[in-house]
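Residue numbers (the UniProt record's numbering): 1 to 242. Note sheet for the following structure.
Below you can see the structure in the form of C-alpha cells.
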C-alpha cells in the first residue's frame, strides 16, 4: 500500500515539475494584462523549443505517466472503501489531465514545430494567437488536476494511518489501555498470608520442643536437688531408719 502511494506521488510530482517549468511562458499569456505582442513572441519561442523535444525525453515522460496510472489502477483493485473513494477520484483526475494534454496540448504544440519569426517582425501572427493562449490554458488545467491527485493521495495516506491506529487500540486489552491512560503507574500489591497448614505445623513443632525441654530439665540432677518434694521424702526415710 505505501509503495503504491509513493509511486503515484513521485510520478505526479515529476509531471507537476515539468508543467511548472512551462510557467515562464504560460504566465505571460494568462496572467499578464494587457496581452502584448512581445509576450506572445516570448511564449511562442518557448513552445517552439518544446515542440522540438528529443524523442527519448518524450518517451521518458510517457513511461512515467504510465507508471503512475498503473499504480493507481492496482491500488483501486484492492476493493477497500478508502481505495474506491480516494483512488477512484485520483484516476478520474489523472485521466482528465492525460486527456487534456493528449487532445488539446499536443495538437496545439505541433503548430509551433516549424516556427520561424523574422527578426524584423513587430506584430505577432494572428493564426498563432489563439493556439498560444489555449496551450497555456491546457497546461494550467493539467497542473490543477495533478495537484488534486496529490491532495487525494495525501488524504488517503492519513486515513490509512488513522485506521491502523484504531485497529491497534482495539487489539490492546482494557487493563493495558487504562494503564496507558492513568497518570500513575499501577503496581500489583500482593498481601502475603501464611498458609493455615504451615501455621499449625509451626505451632505444634514449637509446643513439642517446649515439652521436650521441660522433660529434660526435670530429669537433670540440678533439678532433682532443687525439688522440695524429693527433699521431704529423703528426710522421712532418714527418721525412719533412726
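We treat Cβ as the ideally placed atom computed from N, Cα and C, and that holds for glycine. In this text, all values refer to a predicted model and were calculated from it rather than measured experimentally.
Alpha carbon to alpha carbon, how far is residue j from residue i? Give it in angstroms, no decimals.
i, j, result
"residue 16", "residue 123", "33 Å"
"residue 19", "residue 136", "10 Å"
"residue 35", "residue 158", "43 Å"
"residue 4", "residue 87", "11 Å"
"residue 100", "residue 94", "10 Å"
"residue 160", "residue 24", "38 Å"
"residue 37", "residue 21", "22 Å"
"residue 40", "residue 31", "12 Å"
"residue 45", "residue 2", "42 Å"
"residue 27", "residue 139", "11 Å"
"residue 128", "residue 61", "26 Å"
"residue 72", "residue 148", "14 Å"
"residue 102", "residue 155", "28 Å"
"residue 126", "residue 59", "32 Å"
"residue 33", "residue 56", "37 Å"
"residue 29", "residue 77", "41 Å"
Which of the three DSSP states is assigned to residue i in this structure?
i, result
"residue 125", "coil"
"residue 87", "helix"
"residue 20", "helix"
"residue 70", "helix"
"residue 116", "coil"
"residue 52", "coil"
"residue 98", "helix"
"residue 12", "helix"
"residue 33", "coil"
"residue 77", "coil"
"residue 27", "helix"
"residue 111", "coil"
"residue 196", "Residue placement at residue 196 is poorly supported in this model, since its pLDDT is 48, which falls under 50; the coordinates are not used for a value here."
Going by Cα to Cα distance, which pick from the options is closest to residue i?
i, options, result
"residue 146", "126, 105, 90 and 132", "90"
"residue 141", "162, 43, 104 and 129", "104"
"residue 43", "154, 133 and 151", "133"
"residue 130", "143, 108 and 75", "108"
Excluding the 5 residues preceding and the 5 following residue i in the sequence, name in chain order all residues of the same chain whose CB lies nearer than 8 Å to its CB.
i, result
"residue 237", "Residue placement at residue 237 cannot be trusted, given a pLDDT of 45 that sits under 50; what the coordinates show is reported in the next sentence. So the list is empty, once near-sequence residues are dropped."
"residue 14", "64"
"residue 75", "1, 4, 5, 8, 83 and 87"
"residue 150", "9, 12, 13 and 16"
Short of 6 Å in beta carbon distance, which residues of its chain neighbour residue i, apart from the five on each side in sequence? Order them along the chain.
i, result
"residue 106", "none"
"residue 97", "142, 145 and 146"
Kindly examine the ligand GTP and report whether one of its heavy atoms sits closer than 8 Å to the Cβ of residue i.
i, result
"residue 98", "Among the components modelled here there is no ligand, and therefore nothing to report on the ligand GTP."
Excluding five sequence neighbours on each side, which residues of the same chain lie with their C-beta closer than 7 Å to the C-beta of residue i?
i, result
"residue 152", "86, 89 and 90"
For the pair the stretch 104 to 115 and the stretch 44 to 56, tell me if three or more CB-CB distances fall below 8 Å.
The count of Cβ pairs closer than 8 Å, one atom from the stretch 104 to 115 and one from the stretch 44 to 56, reaches three, so the stretches are in contact.
* Decide if the stretch 65 to 72 is in contact with the stretch 8 to 15; the criterion is three or more beta carbon pairs, one per stretch, under 8 Å apart. => yes
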